[in-house]
Amino acid sequence: MAILLKGGMVYRGHEFVKADLLMEDGVIRRIGTEVSEADAQVVDVAGKRIVPGFLDIHTHGAVGVDVNGADAEGYEKICRFQASQGTTGWLCSILTDTREQTLWCIEEYKRWKSLEHKGARLLGIHLEGPFLNSEYKGAMPEHLLQKPNLELVKEYQKAAEGEIRYITVSPEVEGMADFIPELCKLGMTVAIGHSGADYETARRAIEGGAMAATHTGNAMRLLHQHEPAIWGAVLEDEKVYCEMICDGLHLHPGTVRLIIKTKGMDRVVAVTDSIMAAGLPDGNYKLGVNDVVVVNGDARLANGQSRAGSTLTAGRALKNLLAFTGRPLEEIVPLLTENPAKLLGVYGRTGSLEEGKNGDLVVLDEDCRIAATYVRGECCVSADCFSA
Numbered sequence: 401m402a403i404l405l406k407g408g409m410v411y412r413g414h415e416f417v418k419a420d421l422l423m424e425d426g427v428i429r430r431i432g433t434e435v436s437e438a439d440a441q442v443v444d445v446a447g448k449r450i451v452p453g454f455l456d457i458h459t460h461g462a463v464g465v466d467v468n469g470a471d472a473e474g475y476e477k478i479c480r481f482q483a484s485q486g487t488t489g490w491l492c493s494i495l496t497d498t499r500e501q502t503l504w505c506i507e508e509y510k511r512w513k514s515l516e517h518k519g520a521r522l523l524g525i526h527l528e529g530p531f532l533n534s535e536y537k538g539a540m541p542e543h544l545l546q547k548p549n550l551e552l553v554k555e556y557q558k559a560a561e562g563e564i565r566y567i568t569v570s571p572e573v574e575g576m577a578d579f580i581p582e583l584c585k586l587g588m589t590v591a592i593g594h595s596g597a598d599y600e601t602a603r604r605a606i607e608g609g610a611m612a613a614t615h616t617g618n619a620m621r622l623l624h625q626h627e628p629a630i631w632g633a634v635l636e637d638e639k640v641y642c643e644m645i646c647d648g649l650h651l652h653p654g655t656v657r658l659i660i661k662t663k664g665m666d667r668v669v670a671v672t673d674s675i676m677a678a679g680l681p682d683g684n685y686k687l688g689v690n691d692v693v694v695v696n697g698d699a700r701l702a703n704g705q706s707r708a709g710s711t712l713t714a715g716r717a718l719k720n721l722l723a724f725t726g727r728p729l730e731e732i733v734p735l736l737t738e739n740p741a742k743l744l745g746v747y748g749r750t751g752s753l754e755e756g757k758n759g760d761l762v763v764l765d766e767d768c769r770i771a772a773t774y775v776r777g778e779c780c781v782s783a784d785c786f787s788a
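Position 124 of the sequence shown, counting from 1, maps to 524 under the working numbering, and the rest follow consecutively.
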């Protein structure tokens, strides 16, 4: 069925313009004034803003489902929760695990594709590890970290039918300089993180094809005036996208403002790095093989030594960014939409509102709460069935 959104303020060209928006067969058919369609379901969105659906490229779970233990139905449960938070597309982030468990996760991801979908869509797989520095492992199980293993990655990518889109590695791990170009050849966007790399080593990784930094400023050697290290390298380079977890815990609001000012609005990607506790109250949870305790929304390993992901959602990240930066909505929207789409190479079909692109969009009320979420032109969530 065609759906016609009438009278909203549509986000186009980094500004809001009053326009009607028609979706049919899963795609945006027309955007303009006085659009009409005889057979369309008309939805009055006057006074509301229409933005592209949010894309979360780094998340480990939500609503009681951990990606490393999720079956296909579990993935779908996360998808439906994601839609309630304005997310229309996401990557399932598989934490460093055994070969057998990683392959099982990949098989369940493929099985998810055969289900009936009523929420956000999975865009592919993110491997966070296992080629990481143990000193900056964070929640990674140290005994499962390893040096570059091209045959293993080829096995994973073959099992995933080419749908491992994103991978996090540490530049200083022995052999990584030669490994990163091989990962790029396999169709993976490479991010660097969980790392104590010095500036020169990080620069070599970027020159070799690394395009992003995983949760910038966290599980990462910090910038020093005499040794910029990996953080300095990713902040300086104009090509590199920087992930940010904007929950007010992983990064101080002043740090958020500094990263944005340094990188520019087109090279920052807001991520949640959420775990299975997202959408649920404080308590005891899992992240891969780890026990996690959430207190006041702050997720930490049970031993208290480090944070273990977050309980953040994309909808909350949007509101936090607006509060932290004081910038208008039109400047913040790309951090959750256009930028991740361009980083992953899917901007041709999602990440902005254009005729011919997927009907993936969010309707925001005057307080930037989610009023409705549309995925492939179908309404998955509306204000009638949930509270933002």
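Every residue, glycine too, gets a C-beta built ideally from N, C-alpha and C.
Keep in mind that this is a model prediction, so the values were computed, not measured.
Would you please verify whether the beta carbon of R776 is less than 7 Å from any beta carbon of chain D?
Annotation note: the requested chain D is absent from the structure, which comprises a single protein chain.
May I ask which residues mark the beginning and end of the beta strand (DSSP E) holding P581?
On the sequence shown, residue 581 is found 181 positions in, with the first residue counted as 1. It is not in any beta strand (DSSP E) - P581 instead sits in the alpha helix (DSSP H) that spans M576 to K585.
Take S710 as the anchor and find which of M665, T725, E738 and P681 has the nearest alpha-carbon.
Locating residue 710 in the sequence shown gives position 310, where the first residue counts as 1. The shortest C-alpha separation from S710 is found at P681.
Secondary structure at Q485, three-state DSSP: helix, strand or coil?
On the sequence shown, position 85 is the one that residue 485 refers to. DSSP places Q485 in coil when its eight states are reduced to three.
Is the beta carbon of G489 less than 7 Å from the beta carbon of G715?
Mapped onto the sequence shown, residue 489 falls at position 89. Mapped onto the sequence shown, residue 715 falls at position 315. Not a contact, by the Cβ cut-off of 7 Å.
Between A612 and I660, what straight-line distance do the alpha-carbon atoms span, to the nearest angstrom?
Counted from its first residue, the sequence shown places residue 612 at position 212. Counted from its first residue, the sequence shown places residue 660 at position 260. Their Cα atoms are separated by approximately 14 Å.
Hey, how far is the Cα of L515 from the Cα of L523?
On the sequence shown, residue 515 is found 115 positions in, with the first residue counted as 1. On the sequence shown, residue 523 is found 123 positions in, with the first residue counted as 1. Each residue's Cα considered, the two are about 15 Å apart.
Tell me which residue opens and which closes the alpha helix (DSSP H) that I506 is part of.
Here residue 506 refers to the residue found at position 106 of the sequence shown. Counting along the chain, the alpha helix (DSSP H) containing I506 begins and ends at R499 to W512.
Assumed close pair E572, G596 - CB separation to whole angstroms, cut-off 8 Å:
Position 172 of the sequence shown, counted from the first residue, corresponds to residue 572. Position 196 of the sequence shown, counted from the first residue, corresponds to residue 596. At roughly 6 Å, the Cβ-Cβ gap stays under 8 Å, so E572 and G596 are in contact.
Go through its chain and collect everything with a Cβ distance to A699's Cβ below 8 Å, but skip five positions before and after it.
Position 299 of the sequence shown, counting from 1, holds the residue named residue 699. Answer for A699: I675, A677, Y685, L687, V692, V693, R707, A708, G709, S710 and T711, listed in chain order.
Quick check on this structure: which residue in P740, P728 and Y747 has the alpha carbon closest to the alpha carbon of R449?
For the purposes of this step, residue 449 is identified with residue 49 of the sequence shown, where counting begins at 1. Residue P728 is the option with its Cα nearest to R449.
Tell me whether V465 is buried or exposed, calling it buried when 16 or more other Cβ atoms sit within 10 Å of its Cβ.
On the sequence shown, residue 465 is found 65 positions in, with the first residue counted as 1. So V465 counts as buried.
Member of G756, A741 and E730 whose CA lies at the smallest distance from the CA of L764
Position 364 of the sequence shown holds residue 764. Closest by alpha carbon: E730.
Burial state of M409, where buried means 16 or more other Cβ atoms lie within 10 Å:
In the sequence shown, the residue the question calls residue 409 occupies position 9. Looking at its Cβ environment, which holds 16 or more other Cβ atoms inside 10 Å, M409 is buried.
Residue from T750, M644, R621 and V762 with nearest C-alpha to A717:
Residue numbering aside, residue 717 sits at position 317 when the sequence shown is read from its first letter. Cα-wise, what sits closest to A717 is M644.
Spatial neighbours of C584 within its chain, please: C-beta separation below 7 Å, excluding the five flanking residues on both sides.
Position 184 of the sequence shown, counted from the start, is the residue given in the question as residue 584. Excluding positions up to five away in sequence, the list reads V590 and G609.
Just checking, does the stretch 466–478 make contact with the stretch 770–783 on the three C-beta pairs under 8 Å criterion?
no
Please classify N696 as buried or exposed, where buried requires at least 16 other C-beta atoms within 10 Å of its C-beta.
Looking up residue 696 in the sequence shown gives position 296. Its Cβ having fewer than 16 others within 10 Å, N696 is exposed.
Residue range of the beta strand (DSSP E) that includes L523:
As a working note, residue 523 is residue 123 in the sequence shown. Looking at the DSSP string, the run of the beta strand (DSSP E) that includes L523 is R521 to E528.
Within 10 Å of its beta-carbon, does V417 have 16 or more other beta-carbons around it, so buried, or fewer, so exposed?
On the sequence shown, position 17 is the one that residue 417 refers to. Counting Cβ neighbours within 10 Å, V417 comes out exposed, since fewer than 16 surround it.
Could you check where the alpha helix (DSSP H) with G715 kicks off and where it finishes?
Taking the sequence shown and counting its residues from 1, the one referred to as residue 715 is at position 315. From DSSP, the alpha helix (DSSP H) with G715 extends over A714 to T725.
If you count every other CB in all the chains shown that lies within 10 Å of the CB of G704, and 16 or more means buried, which is it?
Taking the first residue of the sequence shown as 1, we reach residue 704 at position 304. By the neighbour-count rule (16 or more Cβ atoms within 10 Å), G704 is not buried but exposed.
Which same chain residues end up closer than 7 Å to L422 when comparing Cβ atoms and leaving out the 5 residues on each side of it in sequence?
Here residue 422 refers to the residue found at position 22 of the sequence shown. The answer, listed in chain order, is A402, L404, R429, R430, V435, E437 and A440.
Mapping the DSSP letters down to three states, classify H652 as helix, strand or coil.
Within the sequence shown, the letter at position 252 stands for residue 652. In the structure shown, H652 sits in coil (DSSP, three-state: anything other than H, G, I, E or B).
Beta-carbon proximity list for N739, same chain, < 6 Å, skipping 5 on both sides:
Numbered from its first residue, the sequence shown carries residue 739 at position 339. Here the set comprises V669.
Cβ pair V762, G447 closer than 7 Å
Position 362 of the sequence shown, counted from the first residue, corresponds to residue 762. Position 47 of the sequence shown, counted from the first residue, corresponds to residue 447. No, the pair does not count as a contact, with Cβ atoms beyond the cut-off.
In this structure, does DSSP put A559 in helix, strand or coil?
On the sequence shown, residue 559 is found 159 positions in, with the first residue counted as 1. If DSSP states are grouped into helix, strand and coil, A559 belongs with the helices.
Provide the residue span of the alpha helix (DSSP H) that contains E730, from first to last.
Taking the sequence shown and counting its residues from 1, one reaches residue 730 at position 330. Its alpha helix (DSSP H) spans residues L729 to L736.
Those residues which DSSP pairs with W631 across a bridge:
Start at 1 with the first residue of the sequence shown, and residue 631 comes out as number 231. Answer is none; W631 lacks a bridge partner.
Just verifying my parser: in three-state terms, what is the DSSP assignment at T773?
For this step, residue 773 is matched to residue 373 along the sequence shown. If DSSP states are grouped into helix, strand and coil, T773 belongs with the strands.
Need the endpoints of the beta strand (DSSP E) that A702 sits in, please.
Position 302 of the sequence shown, counted from the start, is the residue given in the question as residue 702. Here A702 belongs to no beta strand (DSSP E), and DSSP marks it neither H nor E.
Check this for me: beta carbons of A539 and Q482, under 7 Å apart or not?
Here residue 539 refers to the residue found at position 139 of the sequence shown. Here residue 482 refers to the residue found at position 82 of the sequence shown. The answer is no: Cβ separation not under 7 Å.
Beta-carbon proximity list for L544, same chain, < 6 Å, skipping 5 on both sides
Along the sequence shown, read from residue 1 onward, the residue named residue 544 stands at position 144. Counting only Cβ-Cβ distances below 6 Å, and skipping sequence neighbours, we find T496 and P530.
Where does A723 land, buried or exposed, given buried means 16+ other C-beta within 10 angstroms?
As a working note, residue 723 is residue 323 in the sequence shown. When all chains shown are included, A723 counts as exposed.
Skipping 5 residues on each side, what residues in its chain have a beta carbon closer than 7 Å to that of G562?
In the sequence shown, counting from the first residue as 1, residue 562 sits at position 162. Around G562, the same chain offers G587 as residues with beta carbons nearer than 7 Å, after the five sequence neighbours per side are excluded.
Buried or exposed, going by whether 16 or more other CB atoms sit within 10 Å of the CB of H414?
Residue numbering aside, residue 414 sits at position 14 when the sequence shown is read from its first letter. With fewer than 16 other Cβ atoms within 10 Å, it is exposed.
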